[in-house]
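One structure below.
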Amino acid sequence: MANENPSKAGQEPMIKLQPNGVAPVLSYNVPEPTAYSGRNFIDLQLHDGYFLPTAAHNGLQREGLFAAAPAAAAAPELSSSELLLAKQNSGERMTTRFANLTPEEIERQEAEGRKFNVTKTMTGALSYVFTQAAPVTEPALDAAPSARASLLRSAEGGVAAETDGYVPSMLPRDPLPGDPDPDPDPVELSVSISSPAANGTITGPYTGATVEIRGTASVVSGGGGIAYVQVQIGSGAFQAATLSGSEWSFTTVLKTAGPVAITAKAKHSASLLTTSSKINVTVQLAAEPDTIVPTVKIVTPSAGALLSSKGGAAVNVTVEGTAGDNRGVARVELSVDGTAAQLAESANGYANWKKTVTLTGGSHTIVAKAFDAAGNTGTHSITLLVDASPPTVSIATPANNAQVSGPYSQGAVIQVTGTAADAGGIAYVELALDLNPVGVRAAEKSPGDWSTWKGTLTLNEGGKHTITARAYDNAGNLVETTIAVNVTITPEVNSRLKRIILVESYRLSSYLANYGAGRTIKTFSLLPGEKSKISIRSYAQSETTMKSAATILDSVTDDISEEFEQSIAKEQADQKNYEESNEYKVAAEAGASWGWGSAKVSASMSGGTNAAREQFAKNVSNNTQKHVAKASARRDVQINTTYEDKSTTGEESTIVREIENINVSRTLNFVFRQMNQEFITLLHLVDVRIGYFTIDTVNGKEEKVYREVTLPQLDALLEETIVPDKRTEVRNAIIYQLANIFDYQDKHHRFVEEQPFKDEDGNVIPSSNYLRVKKDYTSVYLDDSTGTSISVPGIILAANRHVLRTDGIVVEALLGQGEALDSYSRNLQTESVREKELRNSLLEAEVEMKRLAVQILTDKDQAAAQIYALLNPAPVVQEDQDDAGTGSSSLVAAGSR
1 MANENPSKAG
11 QEPMIKLQPN
21 GVAPVLSYNV
31 PEPTAYSGRN
41 FIDLQLHDGY
51 FLPTAAHNGL
61 QREGLFAAAP
71 AAAAAPELSS
81 SELLLAKQNS
91 GERMTTRFAN
101 LTPEEIERQE
111 AEGRKFNVTK
121 TMTGALSYVF
131 TQAAPVTEPA
141 LDAAPSARAS
151 LLRSAEGGVA
161 AETDGYVPSM
171 LPRDPLPGDP
181 DPDPDPVELS
191 VSISSPAANG
201 TITGPYTGAT
211 VEIRGTASVV
221 SGGGGIAYVQ
231 VQIGSGAFQA
241 ATLSGSEWSF
251 TTVLKTAGPV
261 AITAKAKHSA
271 SLLTTSSKIN
281 VTVQLAAEPD
291 TIVPTVKIVT
301 PSAGALLSSK
311 GGAAVNVTVE
321 GTAGDNRGVA
331 RVELSVDGTA
341 AQLAESANGY
351 ANWKKTVTLT
361 GGSHTIVAKA
371 FDAAGNTGTH
381 SITLLVDASP
391 PTVSIATPAN
401 NAQVSGPYSQ
411 GAVIQVTGTA
421 ADAGGIAYVE
431 LALDLNPVGV
441 RAAEKSPGDW
451 STWKGTLTLN
461 EGGKHTITAR
471 AYDNAGNLVE
481 TTIAVNVTIT
491 PEVNSRLKRI
501 ILVESYRLSS
511 YLANYGAGRT
521 IKTFSLLPGE
531 KSKISIRSYA
541 QSETTMKSAA
551 TILDSVTDDI
561 SEEFEQSIAK
571 EQADQKNYEE
581 SNEYKVAAEA
591 GASWGWGSAK
601 VSASMSGGTN
611 AAREQFAKNV
621 SNNTQKHVAK
631 ASARRDVQIN
641 TTYEDKSTTG
651 EESTIVREIE
661 NINVSRTLNF
671 VFRQMNQEFI
681 TLLHLVDVRI
691 GYFTIDTVNG
701 KEEKVYREVT
711 LPQLDALLEE
721 TIVPDKRTEV
731 RNAIIYQLAN
741 IFDYQDKHHR
751 FVEEQPFKDE
761 DGNVIPSSNY
771 LRVKKDYTSV
781 YLDDSTGTSI
791 SVPGIILAAN
801 RHVLRTDGIV
811 VEALLGQGEA
821 LDSYSRNLQT
831 ESVREKELRN
841 SLLEAEVEMK
851 RLAVQILTDK
861 DQAAAQIYAL
871 LNPAPVVQED
881 QDDAGTGSSS
891 LVAAGSR
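Okay, so the sequence shown: first residue is 1 according to full-length UniProt numbering, each after it adds one.
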């Protein structure tokens with residue numbers, strides 16, 4: 001029927017939500033990220049006993065280690081109002097809040113006991129905070145040379161203090177002029193070997209041929225005498241001969257048969273001149289009797305091996321070994337626990353042999369004997385143990401339900417001792433707290449001797465705890481015993497007047513992800529034949545609205561960054577310490593502070609700092625979510641409709657369009673939906689520094705000093721602030737915290753390393769190792785929805801997705817399903833359509849006739865032309881006379897009359 005909708009199958013919406021209400025993905029891009037930077041401070045809880053006394057710091061300050069440059073010290077300090085005016089007129093970028101601050105407001109705040117501090121936002125714009133006290137800023141610590149070395153050099157004074165001192169000349173003095181000494185007579189030496197004769201033969205028993213070597217040595221010319229004569233046998237060392245006048249002798253035993261070289265060397269007594277003489281002899285030794293004992297060794301099983309009978313009464317063991325002899329092995333025999341010997345099996349003359357024996361439970365001795373043809377016997381034995389019983393273990397100290405205590409900074413340190421035994425030997429003993437399946441290995445009495453053992457455990461929480469000792473024997477059997485202890489943690493003095501702080505720099509990077517249709521913001525309908533105009537007004541058309549709708553995800557503005565930092569401050573659980581973190585600044589301006597935390601540290605645990613980082617990441621993530629939700633709620637797009645022909649225009653420009661429903665029987669429905677943009681935000685750690693903060697009272701006034709150093713400067717900082725016997729402990733604790741960082745997926749990262757410097761050729765410079773954050777260290781975030789990976793510097797601590805409304809709109813038109821026509825009107829529509837179809841058919845027939853005429857002319861077909869003329873006769877011309885005598889003509893087709 002004509003009233004049926006031929007495109008009914010195409011009436012589904014153009015954009016539909018995916019299952020579970022997820023917006024459809026229209027596109028995906030990898031644009032440049034939007035990034036903000038901030039810092040998190042982790043206060044390492046060190047009690048006062050770790051720090052040098054305040055007087056020591058004052059002494060260092062007087063020596064110039066903590067003091068600023070003389071020119072800076074001499075400059076007068078600006079008042080808060082003067083500082084404000086200077087900053088406002090400096091031309092630097094500043095937030096609106098800072099630009100609107102007045103000196104009167106500063107005076108009012110100072111009257112209430114608060115101090116004005118200049119800070120910088122995440123974008124580097126000037127801002128401010130009010131705190132309770134004014135810090136005393138200090139310059140950063142020089143990495144090298146150390147402060148103590150600088151102090152020693154400055155104490156020497158003058159230019160000489162900057163050099164290594166006078167270096168005496170090593171050149172010899174020139175001789176005085178004079179006549180040269182006369183040349184001495186040349187020295188000539190002579191040495192000879194008279195016995196044995198050259199190329200002679202020396203014989204002797206197989207143990208060696210004893211020979212006396214004799215000769216003469218003299219000075220031929222030049223004066224002086226013979227200092228000594230030395231004799232060398234073959235390539236051996238020279239040995240002193242007996243010298244008497246010009247005669248010398250040397251007695252030795254030649255133990256190697258064959259040709260041997262004998263060399264005699266004489267040295268002049270008054271000079272370094274030597275001379276030598278050499279002969280060759282042949283040594284013949286008698287044959288050696290066969291007294292060499294054959295060698296034999298049991299290779300498997302190894303000595304002391306522990307074998308398991310696997311529940312049986314005995315176990316079959318294949319004993320394998322090797323044997324050898326200079327003249328061959330006749331046989332190899334095996335005996336177990338002194339029983340009758342059994343002949344071993346071999347296929348290569350007992351170079352390798354084996355034999356299978358049966359062993360019952362307990363200790364067994366296996367003896368292997370190798371025999372040669374001369375009756376010499378070699379022996380090797382091993383002892384084995386077949387073990388089927390578990391070991392025994394006991395805890396000697398502390399006693400069950402013992403009372404133990406310790407200070408808060410170190411915890412209760414418990415020395416645990418006990419005994420363990422097993423017939424096959426103890427493999428190891430481990431200790432565990434509170435039934436922890438992962439234990440700590442104890443220390444044995446001596447290597448392999450676990451008859452007594454000891455271990456150290458540390459408990460940081462008071463209350464009742466359990467200590468478990470587990471013993472494993474060499475066969476893998478396990479036994480354990482458990483006792484209880486009552487722990488008391490005593491408090492320590494921790495005034496927090498001195499602090500070591502981990503200053504961690506973070507970056508919050510935002511990346512565009514998917515986008516798609518969001519909420520429905522407007523729907524309206526047009527009746528059949530109706531016209532209307534629509535106007536679209538978005539939040540971006542008003543400056544005030546646009547500022548309130550901006551976020552840190554898609555814009556970088558000073559005011560938005562300041563608003564974000566202020567909202568982060570409200571997320572902090574410890575407002576007092578967070579506010580005090582604004583005092584942690586090196587220059588007159590402090591960077592953006594995103595968080596503050598504290599952690600108890602040691603060189604073996606990093607849970608405290610990782611917990612502080614996790615809480616920091618949660619605070620930033622929660623604040624980002626609130627910030628995005630608040631801004632997204634302000635992003636409204638208005639769709640206004642009017643049914644008049646004119647529209648009212650205002651000062652703001654809008655998009656106006658006219659739409660019409662050309663249908664006569666159905667309504668046309670429009671659905672407007674606001675487009676949403678998804679963002680991926682990554683909070684990643686990019687750098688670490690070490691801060692030192694102290695509060696001193698000088699002349700009754702509280703002064704705060706903050707210093708911040710890089711990791712290569714850590715040793716110098718600890719040397720000036722920590723007592724000597726605690727420096728290694730604190731350094732190791734800090735490095736352990738930075739070498740054991742866990743990311744948002746609980747994966748382990750080592751963020752620091754010690755690296756040496758290299759010269760221009762790439763060779764390592766000795767003793768140049770320094771501590772640093774790993775260079776070019778990156779982490780990768782994988783977007784599962786698209787398979788795209790995002791690489792960022794540092795360690796990712798939090799990864800979140802946020803959805804923001806945009807000013808984009810998508811609209812779809814839906815045709816109404818109900819008809820507003822009765823049967824008469826519907827039939828009129830049908831006949832109208834039929835009339836147009838018939839007219840179109842007539843026009844098509846005329847077009848076909850004209851095409852046929854053209855074809856006939858092209859083919860020059862006379863018969864077809866005659867038939868065509870009969871079907872289409874030429875029109876007849878008819879002339880009519882009018883009253884004026886003029887004529888007009890008309891064409892009348894034949895047969896029309």
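Glycine is no exception: its CB is placed at the ideal position from the N, C-alpha and C atoms.
(1) Apart from the five residues on each side of it in sequence, which residues of its chain come closer than 8 Å, Cβ to Cβ, to PRO301?
(2) Sort out for me which residues DSSP pairs GLU444 with in a bridge.
(3) HIS268 to LEU254, Cα distance in whole Å?
(4) Straight-line CA distance for ALA405 to THR482?
(5) Please go through the same chain and pick out, in chain order, the residues whose beta-carbon is closer than 6 Å to the beta-carbon of SER525, but skip the five residues on each side of it.
(6) On the DSSP bridge list, what partners appear for THR488?
(7) Between which residues of its own chain and TYR770 is the CB-CB distance below 6 Å, once the five residues before and five after are set aside?
(8) Report the start-end ranges of each beta strand (DSSP E) in the segment 382-441 that is 3 residues or longer and not cut off at the edges.
(9) Can you check whether the CB of VAL281 is closer than 8 Å to the CB of THR256?
(10) Can you tell me the Cα-Cα spacing of ALA874 and GLU846, whole angstroms?
(11) Take ALA820 and list the residues in its own chain whose beta-carbon comes closer than 7 Å to its own, dropping the five residues that flank it on each side.
(12) Assign TYR50 to one of two classes, buried (16 or more other C-beta atoms within 10 Å of its C-beta) or exposed (fewer than that).
(13) In three-state DSSP terms, what is PHE757?
(14) DSSP on VAL293, reduced to helix/strand/coil?
(15) Please list, in chain order, all residues of the same chain as ASN474 whose beta carbon is under 6 Å from its beta carbon, the five residues on each side excluded.
(16) Looking only at DSSP bridge pairs, what is ASP687 linked to?
(17) Spell out whether any CB of chain C is found under 8 Å from the CB atom of ALA198.
(18) Assuming ALA323 and ALA373 are in contact, meaning their beta carbons sit under 8 Å apart, how far apart are those beta carbons, in whole angstroms?
(19) Give the secondary structure of ALA198 by DSSP, where H, G and I count as helix, E and B as strand, and everything else as coil.
(20) Residue ranges of each beta strand (DSSP E) run of no fewer than 3 residues wholly in the segment 787-813, ordered along the chain?
(21) Can you tell me the Cα-Cα spacing of THR523 and PHE672, whole angstroms?
(22) Roughly how many whole angstroms lie between the Cα atoms of ALA442 and THR397?
(23) In the structure shown, what three-state DSSP assignment does GLU92 receive?
(24) Distance check for SER79 and ARG108, CA to CA, integer angstroms please.
(25) Are there three or more Cβ pairs, one per stretch, closer than 8 Å when the segment 447-457 is compared with the segment 364-378?
(26) Taking the Cβ atom as the reference point for each residue, do GLN410 and ASN486 lie within a distance shorter than 8 Å?
(27) What residue from VAL429, ARG657, ALA471, SER621 has the CA that sits closest to SER532's CA?
(28) Could you please give me the residues that DSSP links to LEU738 through a beta bridge?
(29) Could you give the distance in angstroms between the alpha-carbon of GLY245 and the alpha-carbon of ALA227?
(30) Could you give the first and the last residue of the continuous alpha helix (DSSP H) run that contains ASN316?
(31) Decide yes or no for the touch test of the segment 782-793 against the segment 747-767: beta carbon pairs closer than 8 Å, at least 3 of them.
(32) Output yes or no for whether 8 Å exceeds the beta carbon distance between SER277 and VAL187.
(33) Could you give the distance in angstroms between the alpha-carbon of GLN862 and the alpha-carbon of LEU843?
(34) Would GLY208 and LEU285 be called neighbours here (beta carbons separated by less than 8 Å)?
(35) Would you kindly report the start and end of the unbroken beta strand (DSSP E) that includes TYR744?
(36) Among GLU831, SER309, VAL296, whose alpha-carbon lies nearest the alpha-carbon of ASP325?
Straight from the coordinates:
(1) Excluding sequence positions up to five before and after PRO301, its CB lies within less than 8 Å of the CB of LEU307, VAL317, VAL319, ILE382, LEU384, all in the same chain and listed in chain order.
(2) Answer by DSSP bridge pairing, in chain order: TRP453.
(3) About 29 Å.
(4) Before going further, note that residue 405 is Ser rather than Ala in the sequence given. One C-alpha to the other measures close to 19 Å.
(5) Taken in chain order, the residues that qualify are THR667, ASN669.
(6) Checking the DSSP bridge columns, you'll see THR488 partnered with SER405.
(7) Sequence-distant partners of TYR770 (beyond 5 residues in either direction) whose C-beta falls short of 6 Å from its own C-beta, in its chain, are PRO712.
(8) DSSP runs (the beta strand (DSSP E)) wholly in the segment 382-441: 392-397, 402-407, 412-421, 426-433.
(9) Not closer than 8 Å, so no.
(10) Taken atom to atom, the span from the alpha-carbon of ALA874 to that of GLU846 is near 16 Å.
(11) Hits under 7 Å: PRO528, SER665.
(12) Residue burial annotation: TYR50 is buried, with at least 16 other C-beta atoms found within 10 angstroms of its C-beta.
(13) Here PHE757 sits in coil by DSSP.
(14) In this structure, VAL293 counts as coil in the three-state DSSP scheme.
(15) LEU306, GLY424, GLY425, ALA427.
(16) Its beta-bridge partners are SER505.
(17) No chain C is part of this structure, which consists of one protein chain only.
(18) With 8 Å as the limit, ALA323 and ALA373 do not qualify as a contact, their Cβ atoms being about 14 Å apart.
(19) Residue state, collapsed to three classes: coil.
(20) Qualifying beta strand (DSSP E) stretches, in chain order: 788-793.
(21) Going from the Cα of THR523 to the Cα of PHE672 covers about 6 Å.
(22) A direct Cα-to-Cα measurement between ALA442 and THR397 gives close to 14 Å.
(23) In the structure shown, GLU92 sits in coil (DSSP, three-state: anything other than H, G, I, E or B).
(24) When rounded, the distance between both Cα atoms is 14 Å.
(25) No: fewer than three Cβ pairs fall under 8 Å.
(26) Between GLN410 and ASN486, the gap from beta carbon to beta carbon reaches 8 Å or more.
(27) Among VAL429, ARG657, ALA471, SER621, the Cα nearest to that of SER532 is on ARG657.
(28) Among the bridge pairs identified by DSSP, LEU738 is matched with none.
(29) Rounded to the nearest angstrom, the gap between the Cα atoms of GLY245 and ALA227 is 11 Å.
(30) Not the alpha helix (DSSP H): ASN316 falls in the beta strand (DSSP E), residues 314-324.
(31) Fewer than three beta-carbon pairs drawn from the segment 782-793 and the segment 747-767 are found closer than 8 Å, and the two stretches are therefore not classed as touching.
(32) Not closer than 8 Å, so no.
(33) For GLN862 and LEU843, the distance between alpha carbons rounds to 26 Å.
(34) A Cβ-Cβ contact shorter than 8 Å links GLY208 with LEU285.
(35) For TYR744, no beta strand (DSSP E) run applies, since DSSP gives it neither H nor E.
(36) Residue VAL296 is the option with its Cα nearest to ASP325.
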